[in-house]
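Each residue of the sequence shown is one higher than the one before, counting from 28 in the numbering used here.
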Amino acid sequence: MPAIAITSPDDPRIGDFRALTDLELRTRWEPPNGLFIAEGELVIHRALRAGYQMRSALVDEKRAGQLTGLPESVPLYTAAPPVLESITGFHVHRGILASFHRRPLPTLDRLLAGARNLAVLEGLNTHTNLGALFRSAAALGIDAIVLSPNCADPLYRRAVRVSMGEVFAIPYTKTDTWPEPLDAVRDAGFTLLAMTPAPDAVALHRLTPEQRRRPALLLGAEGPGLTPEALKASDVRVAIPMHNNVDSLNVATAAAITFYELTRDPAS
Numbered sequence: 028m029p030a031i032a033i034t035s036p037d038d039p040r041i042g043d044f045r046a047l048t049d050l051e052l053r054t055r056w057e058p059p060n061g062l063f064i065a066e067g068e069l070v071i072h073r074a075l076r077a078g079y080q081m082r083s084a085l086v087d088e089k090r091a092g093q094l095t096g097l098p099e100s101v102p103l104y105t106a107a108p109p110v111l112e113s114i115t116g117f118h119v120h121r122g123i124l125a126s127f128h129r130r131p132l133p134t135l136d137r138l139l140a141g142a143r144n145l146a147v148l149e150g151l152n153t154h155t156n157l158g159a160l161f162r163s164a165a166a167l168g169i170d171a172i173v174l175s176p177n178c179a180d181p182l183y184r185r186a187v188r189v190s191m192g193e194v195f196a197i198p199y200t201k202t203d204t205w206p207e208p209l210d211a212v213r214d215a216g217f218t219l220l221a222m223t224p225a226p227d228a229v230a231l232h233r234l235t236p237e238q239r240r241r242p243a244l245l246l247g248a249e250g251p252g253l254t255p256e257a258l259k260a261s262d263v264r265v266a267i268p269m270h271n272n273v274d275s276l277n278v279a280t281a282a283a284i285t286f287y288e289l290t291r292d293p294a295s
């Protein structure tokens, strides 16, 4: 389809891309309408390879002729940088944005049936941490992710961008209740490993082979950590040993270290 020039930020055809920096507005608009926004060619192509259906694209007019691999039937809108900034609320330095249709999330039972290991996230509400965690999970061999109802949206633009599109590589689901799904995780044969700096926690490298066999790693929000209910539901409390009186790590960093430890070859 030929590029369609947009000259006014009020053009109704680019409504999907309006006010992208307004988290509250985007949260009210994107999930209820079954869409999400991807930013940058790399992320957009990863979404396409993962099978997500593109609705439309919006690009800096100077870059329109440089784009390849976009679906020919999808509207490609172009605009000058000042118009792009008025539409989106920020300088679109990656040059291209695309709107995609969401897909239905798998049920918890279906997700658990296809996984050997899990990350289970409780109240993780920072999009940058969530995106970084998904990227580490994809890189380090985590099969699936379970989100509590109060977790941030993995398909929010910032989370997608920080993950470099790896949110599309990891199957995940979001539960409607909490902490009852933790019982379902255990009943499916997983060992619930709760990450906590508590003094009675087992050092990560001292987990037994049985505790590592089908791990479900429980991680809480930055700051408060896991709730008492989640800690009570866990099978083992686990900590990364700290030095120099540092009490804890950023949740995405802690997750990456633990993912590596749980998925590495024991002989290495």
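Quick reminder that beta carbons are idealized off the backbone N, C-alpha and C, glycines included. No experiment lies behind these values; they were computed from the predicted model shown.
Residue span of the alpha helix (DSSP H) that contains residue i, given as start and end
i, result
"P251", "Taken as a continuous stretch (DSSP letters only), P251 belongs to no alpha helix (DSSP H), as it is neither H nor E."
"A140", "135-140"
For residue i, the three-state DSSP class (helix, strand or coil)
i, result
"R82", "strand"
"A230", "strand"
"L209", "helix"
"T280", "helix"
"L219", "strand"
"Q123", "First, the residue type needs correcting, since residue 123 is Ile and not Gln in the sequence shown. Strand, per DSSP."
"I22", "Nothing can be reported for residue 22, as the shown portion of the chain is limited to 28 through 295."
"A62", "Residue 62 is actually Leu in this sequence, not Ala. In the structure shown, L62 sits in a strand (DSSP, three-state: E or B)."
"L151", "coil"
"A257", "helix"
"R55", "helix"
"T290", "helix"
Enclosing beta strand (DSSP E) for residue i [first to last residue]
i, result
"H296", "No statement about residue 296 is possible, as the shown extent of the chain runs from 28 to 295 and does not include it."
"P242", "242-246"
"V189", "No beta strand (DSSP E) holds V189; the alpha helix (DSSP H) holding it covers 184-189."
"L148", "145-148"
"I172", "171-174"
"A266", "263-266"
Cα-Cα separation, residue i to residue j
i, j, result
"L182", "V189", "11 Å"
"R129", "H270", "43 Å"
"A196", "D38", "34 Å"
"P109", "F44", "14 Å"
"R55", "T115", "16 Å"
"T155", "G42", "25 Å"
"L245", "G252", "10 Å"
"A248", "T285", "16 Å"
"V173", "F127", "22 Å"
"A65", "R184", "6 Å"
Test: residue i CB closer than 8 Å to a CB of chain B
i, result
"D136", "Absence of chain B from the displayed structure is noted, only one protein chain being present."
7 Å Cβ shell around residue i - same chain, five flanking residues per side excluded
i, result
"E256", "P206"
"V70", "V187, R188, M191, G192"
Own chain, CB closer than 6 Å to residue i, minus 5 neighbours either side, in chain order
i, result
"L139", "A215"
"A46", "L52, G116"
Cut-off 8 Å between Cβ atoms - residues of its own chain near residue i, not counting five sequence neighbours on either side
i, result
"V263", "T218, L219, L220, A221, V229, L234, Q238"
"E68", "L94, R121, G122, I123"
Can you list, in chain order, the stretches of the beta strand (DSSP E) that have 3 or more residues and sit fully within the segment 66-114? For the beta strand (DSSP E) assignment, the uninterrupted runs of no fewer than 3 residues enclosed by the segment 66-114 are, from N- to C-terminal side, 81-87, 103-106.
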